[in-house]
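Below is one structure, written out as structure tokens, with a few remarks after it.
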Amino acid sequence: MTTEGAEAVRQLLRKDMQREHALHADLLQYIGLREEDLSSASQKHIRLMAQAASVLELNTTDASAYVAAISDLREKYDGLRASVSTWQRHEAKQLKRKQELHDELREMEHMLAMLDAASKERDAIENVATMDSRLKEYAGKHAVYSKEIAKLDKILADRGYFDVASYARANEIARKLNAEHARRSLQHHVLVGLEQQCAQLEADNKKVRAKVDRFQGLPPNLELANATLYKAQERLQQLEAEFQSRVHSMV
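The letter at position 42 of the sequence shown is residue 473 when you use this note's numbering, and the numbering goes up by one with no holes.
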């Protein structure tokens, strides 16, 4: 840490201590007693109340301010729980879509095998230039689909999921497409079927992209979200207990 950074930390700590001291004095004034007139347990409660007010960033130690701050903390906690639930549902959809893409890639592998067999049998001859153009088009579409799957894999990997096999499978299909590009004749009806499958896969990928973009702001992983929830809940319970203790001591 640089000298400037260390000084900034010291200034921040000094400011927090001054704030907590002011809140502590405000509490003593509120109950109309001096600290030395209180028992050690009461002094501890006063310090805890001052610390709670500082953490909650209260400007006053009125009971209503504590209630409002705790209510606000509860709303934030509930909102965080809802966000985690939404994130979990979205993650399940992503995993399902990833599996669907892998299944479609396997179907493309099968289609490539059929294309290879058809080209060897020479059942139907098409213009060489047309066939080359179609093969280039399919190779380009396959590259787009593989990029989409890589993007999904990266998002899932950032959240604790990763499947190396998807990359290997995509590379193998690309290799087969490049090899097939050298051939000069293919069955027309098989190519039409592959073209339709590519169009459907492209439409599905657009839906996946829209869903992924919509949920980019969610917590990066489930462990971090659960840890944040647990910490907020623990802090809320502590403040509620301290507030109840303070109320009972004032009655």
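Backbone N, C-alpha and C define an ideal beta-carbon position, used for all residues, glycine too.
Outcome for residue i when other beta-carbon atoms lying within 10 angstroms are tallied against a minimum of 16
i, result
"A472", "exposed"
"S495", "exposed"
"H541", "exposed"
"R520", "exposed"
"S470", "exposed"
"E531", "exposed"
"A439", "exposed"
"E435", "exposed"
"E654", "exposed"
"T433", "exposed"
"E633", "exposed"
Other residues of its chain near residue i: CB distance less than 8 Å, five sequence neighbours each side excluded
i, result
"E430", "With the chain running from 432 to 682 in the structure shown, residue 430 is simply not present."
"N725", "The question about residue 725 has no answer, for the chain in this structure spans 432 to 682."
"Y508", "L660, A663, Q664, L667"
"L504", "L487, A663, R666, L667, L670"
"A548", "none"
Element boundaries [alpha helix (DSSP H), containing residue i]
i, result
"S473", "471-486"
Close beta carbons around residue i, own chain, < 6 Å, minus the five adjacent residues each side
i, result
"A483", "L670, E673"
"L487", "A500"
"Y497", "F674"
Nearest to residue i (by Cα), restricted to the options the options
i, options, result
"E626", "H573, K527, E531, A439", "H573"
"S550", "L566, L536, E535", "L566"
"A581", "D547, L546, L536, Y497", "L536"
"L546", "H533, Y569, D534, L511", "Y569"
"V575", "D534, K637, E522", "K637"
Cutoff 7 Å; reference residue i; Cβ partners in own chain excluding five residues on either side
i, result
"K527", "none"
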